[in-house]
Amino acid sequence: MSRVLRVAAAQLGPIARAEPRAQVVDRLLVLLRDAAAAGAHLVVYPELALTSFFPRWYMDDTAELDWFYETEMPGPETKRLFDEARQLGVGLHLGYAELTPDGHRYNTSILVERDGSVVATYRKVHLPGHEEYEPWRPFQHLERRYFEPGDRFATHRAFGGVVGLATCNDRRWPETYRVLGMQGAEVVLIGYNTPIHYPPDPSHDSLVGFHSHLVMQAGAYQNGMFVVGVAHGGNEEGVVSLADSCIIAPSGRVIALTAHTDDEIAVADLNLDLCANYKETLFDFERYRRPDAYGAITDRKGAIPPP
Ligand code: CDT
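Residues in the sequence shown are numbered from 100 upward in steps of one, following this note's numbering.
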């Protein structure tokens, strides 16, 4: 019997800085109901899906900053989303800013099964951007100020398969997919907020959509896994971010794609048995990998060219 998981990539358009959580949750509920009507087993929301992408603003007032974080999940505003998902029998993946009781801050996502049980939480490993206010930028990218990095990639048995989680900038690093692939991942869920303009080198700007698909398609193919990439995009508070949410097969092909830059779902059937077409042939890790030749991956952080 084949294992087919129907997934809805639930893209979000812009969220205004002043938009109340309740209004955002209303939008998430519309997407959830669309996903359920389409017969989806799992709805995947993006990174930091409950607020505007706040790392674009420098804030030194802790109370102002704290407004963007969740101290419990589900919390008072998100409980109705979790409740309705359980009632509809739809699992969910949701990205949010986490503030722990002892004051640690993470860029976190949660994965919940169709019966409402929590499968896992994941704390973003690769934090892009900068730590301090940089006045030359048209907008900030202060993830390295507002979050601590997570320390591991893990996979989980859920939805009839093996599921891994990663977040936004993680998708650009081949190590993300490989470490998940080495733990048997059959589907990796990735939410993102990707400004089109890259201030350190604007020559990237016209390539942002290409780069986003390039890395996820390569990761899917090289590890024989599905990848679900979901944007929080559009023109948010004057900063335009990438949409282009997609679902990618182990062949590396995009099998579902959003058409617009606002709230929208893209749905695909993921036949998890198709992962074996790659995992047990060209990318049979046990047979073909050469970890003894890969020492430079873990014995250093930066590149060391020959003298
Ligand atoms: N959210 C996130 O990780 N965004 C980054 C932007 C890179 S530029 C600082 C990304 O990799 O898409």
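Ideal Cβ positions, reconstructed from N, Cα and C, are used throughout, including at glycine.
Of the residues assessed, residue 127 falls on the buried side of the cut-off, its CB having 16 or more other CB atoms within 10 angstroms. Sorting 396, 173 and 341 by C-alpha distance to the C-alpha of residue 185 places 173 at the top. Between residue 268 and residue 147, the C-beta gap is not smaller than 8 Å, which leaves the two residues out of contact. With a beta-carbon spacing of about 15 Å, residue 382 and residue 347 fall beyond the 8 Å limit used to define contacts.
For residue 368, the uninterrupted beta strand (DSSP E) run begins and ends at 363 to 370, by DSSP. Contact check for residue 205 against residue 167 fails: the beta carbons are separated by 8 Å or more.
In this structure residue 109 is in contact with residue 144, their Cβ atoms being roughly 5 Å apart against a cut-off of 8 Å. Here residue 222 has 205, 207 and 249 as same chain residues with Cβ atoms under 6 Å from its own Cβ, once five neighbours each way along the sequence are excluded. Relative to the ligand CDT, the beta carbon of residue 374 is positioned no closer than 7 Å to any heavy atom.
Fully enclosed alpha helix (DSSP H) runs of no fewer than 4 residues occupy 161 to 165 and 178 to 187 of the region 157 to 193, in order along the chain. Counting the other CB atoms within 10 Å of its CB gives residue 171 a total below 16, which places it among the exposed residues. Per DSSP, the beta-bridge partners of residue 111 are 331. If you check the CB distance, residue 131 and residue 142 come in under 8 Å. If you ignore the 5 residues before and after residue 229, its C-beta comes within less than 8 Å of the C-beta of 239, 240, 241, 243 and 244, all in its own chain and listed in chain order. In the displayed model, residue 120 falls within a helix according to three-state DSSP.
Residue 387: member of the alpha helix (DSSP H) spanning 384 to 387, first to last residue. Residues of the same chain with a CB within less than 7 Å of the CB of residue 278, apart from the 5 flanking positions on each side, are 252 in chain order. Considering only 134, 305 and 362, the residue with the shortest C-alpha distance to residue 333 is 362.
For residue 297, the Cβ falls inside the 7 Å cut-off from some heavy atom of the ligand CDT.
Residue pairing for residue 338: DSSP places it in a beta bridge opposite 335. For residue 242, the secondary structure class from DSSP, reduced to helix, strand or coil, is helix. The Cβ atoms of residue 276 and residue 321 lie closer than 8 Å to each other. DSSP places residue 274 within a helical segment (H, G or I) once states are collapsed to three.
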